[in-house]
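Residue numbers (full-length UniProt numbering): 1 to 415. For reference, the structure is listed below as structure tokens.
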Amino acid sequence: MSRKTITILIIVGVLIAVVLLGLAWYLERGGTLGGGSVEPADRGIFSGFFPTDSEDTGGGGTPFGGAGGDGGDGRGSIRLGGGEGEARELPALRKIAEGPVVGATVFLRDGEPLARYADRRTGHIYEVDLSTDNTKRLTGTTIPAGQEMYWNKDGSQVIFLYIDDDSGRIVTFAGTVHEDTNEFNGSFITGVPLALASSQDSDRIFAIFNVDNSAVGIATDYDGNRRVEIFSLPFREWRALWPNTGTIALTTKPSKNVDGHMYFVNTQTGGFRNILNGILGLTALTSPDADTVLYSKSTPRGFETYFFDDGESERLAISTFPPDKCVWAADSVAVYCGVPTAVPRGDYPDDWYQGQVSLSDDIWIIDRESGFTDRIASPNVLGEDIDIIDPKIDEESTHIIFMNKKDRSLWTLRL
Numbered sequence: 001m002s003r004k005t006i007t008i009l010i011i012v013g014v015l016i017a018v019v020l021l022g023l024a025w026y027l028e029r030g031g032t033l034g035g036g037s038v039e040p041a042d043r044g045i046f047s048g049f050f051p052t053d054s055e056d057t058g059g060g061g062t063p064f065g066g067a068g069g070d071g072g073d074g075r076g077s078i079r080l081g082g083g084e085g086e087a088r089e090l091p092a093l094r095k096i097a098e099g100p101v102v103g104a105t106v107f108l109r110d111g112e113p114l115a116r117y118a119d120r121r122t123g124h125i126y127e128v129d130l131s132t133d134n135t136k137r138l139t140g141t142t143i144p145a146g147q148e149m150y151w152n153k154d155g156s157q158v159i160f161l162y163i164d165d166d167s168g169r170i171v172t173f174a175g176t177v178h179e180d181t182n183e184f185n186g187s188f189i190t191g192v193p194l195a196l197a198s199s200q201d202s203d204r205i206f207a208i209f210n211v212d213n214s215a216v217g218i219a220t221d222y223d224g225n226r227r228v229e230i231f232s233l234p235f236r237e238w239r240a241l242w243p244n245t246g247t248i249a250l251t252t253k254p255s256k257n258v259d260g261h262m263y264f265v266n267t268q269t270g271g272f273r274n275i276l277n278g279i280l281g282l283t284a285l286t287s288p289d290a291d292t293v294l295y296s297k298s299t300p301r302g303f304e305t306y307f308f309d310d311g312e313s314e315r316l317a318i319s320t321f322p323p324d325k326c327v328w329a330a331d332s333v334a335v336y337c338g339v340p341t342a343v344p345r346g347d348y349p350d351d352w353y354q355g356q357v358s359l360s361d362d363i364w365i366i367d368r369e370s371g372f373t374d375r376i377a378s379p380n381v382l383g384e385d386i387d388i389i390d391p392k393i394d395e396e397s398t399h400i401i402f403m404n405k406k407d408r409s410l411w412t413l414r415l
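Here you go:
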């Protein structure tokens, strides 16, 4: 064999080795051979959707975080991939938007779990596919200083409360999200509701307005049609929930030194039924079938949580603020709650509502029928300190979403 032939063989061997090393590095970084690809982690979820500047992502840079692996909660992770043999892992518990966000909701479309929320600073509305964490901006309408949002069942219509730049007052806007045109339009509502509640099983909204110093309760479609006045009361300090079509739950606004009361209102007749009476610091969350109330009361050492069913109260081993940290599954059996790992000294619930006290929560499931409780996730394992507020659950109980009161970031837990 000539020296020239040997030299050529050496060069070819070197080139083959370089190609093989390069291929191994590519596969190690998440590449695939044929049939699609998984984006490397450093490219960001927004690749192919919108720029990742702070205005358009709803919170400064790519709005996703959290640890890899199984999230430290012992619940495993799902595997995703575009082609055969490839996958990436999503932790069951993870952050899906940096925040501050407002008005998050979750629902299923064709069996796929989706979350929607608005950036609190711009009012731009985003949608997250919870199976992939892919995010897209649905609207570009700028509505700064968002305060609250109340969605219909499929996330297409919303009541949006925000602070008007010119007057500095809260404005109420009823809008529709148009995905095909990326528009958000609708009409303004006269007056600011004293309380609002989305129906859990229909596309209706309930609002309490101050009319001639009376609290007037009105049920209506999101576009203002089919408006029905349900009641008029002299007392105006109410919190409202609409657990099912026939029942609206009214609870007096809570304070440690004030006796709280809860009533069920029949939406057809306007009749009132007294449920709970004379409970200090009462906060309460009604099950979708309106048979059970999860409530808390103030005590000298903090607060306690109970089930109320068939006229009897049963104290639970955990304590939380049900309407703010809990959500019922659609079957009215399971309820999921953010439960503080420790409770600093204070006047509850006042100090927590006023921001004088911040809590750090684990996530628990409570079985209404057996009273069984179990911790299902611990954000502290991820190094995260989360004060859970505004949890929502999809109709088949596949995912919970919630905000962290500390920074209003948005999180999800796959169940």
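Idealized CB from N, CA, C, for every residue including glycine.
| Item | Value |
| --- | --- |
| Residue range of the unbroken alpha helix (DSSP H) whose run includes Asp129 | Careful: Asp129 lies outside any alpha helix (DSSP H), inside the beta strand (DSSP E) at Ile125 to Asp129. |
| Endpoints, alpha helix (DSSP H) assigned at Pro323 | Pro322 to Lys325 |
| Status (buried if at least 16 other CB within 10 Å, exposed otherwise) for Asp361 | buried |
| Alpha-carbon to alpha-carbon, Asn213 and Thr251 | 19 Å |
| Delimiting residues of the alpha helix (DSSP H) encompassing Asp351 | Asp350 to Tyr353 |
| Close-in-space but distant-in-sequence residues of the same chain around Lys325 (CB under 6 Å, 5 per side omitted) | Cys337, Gly338 and Ile388 |
| Nearest candidate by alpha-carbon position, reference Asn134, set Pro113, Gly217 and Ile143 | Pro113 |
| Whole-angstrom distance between Trp238 and Asp350, CA atom to CA atom | 16 Å |
| Own chain partners of Gly302 with C-beta closer than 6 Å, once the 5 adjacent residues on each side are dropped | Val343 and Tyr348 |
| Asn277 versus Leu90: straight-line alpha-carbon distance, rounded | 45 Å |
| Alpha-carbon to alpha-carbon, Val101 and Phe235 | 32 Å |
| Segment contact flag, the region 132–148 with the region 366–374, C-beta cutoff 8 Å, min 3 pairs | no |
| Residue environment, Glu179, which counts as buried when at least 16 other CB atoms sit within 10 Å | exposed |
| For Arg345 and Asn182, the rounded distance between their alpha carbons | 48 Å |
| Boundaries of the beta strand (DSSP E) in which Phe206 is found, first to last residue | Arg204 to Val211 |
| Buried or exposed by the 16-neighbour rule on C-beta atoms within 10 Å, applied to Asp110 | exposed |
| 8 Å contact criterion, which Ala197 and Thr247 should meet: CB distance rounded | In fact, because the Cβ distance is near 11 Å, the residues do not count as touching under 8 Å. |
| Alpha carbon of Val258 to alpha carbon of Gln354, nearest angstrom | 16 Å |
| Residue range of the beta strand (DSSP E) that includes Lys297 | Thr292 to Thr299 |
| Identity of the residues DSSP links to Val177 by a beta bridge | Phe184 |
| Where Leu359 falls: helix, strand or coil (DSSP) | coil |
| Through-space distance from Glu312 to Asp165, alpha-carbon basis | 49 Å |
| Within 9 Å, strictly: CB atoms of Leu161 and Glu148 | yes |
| Local conformation of Leu90 per DSSP, three classes | strand |
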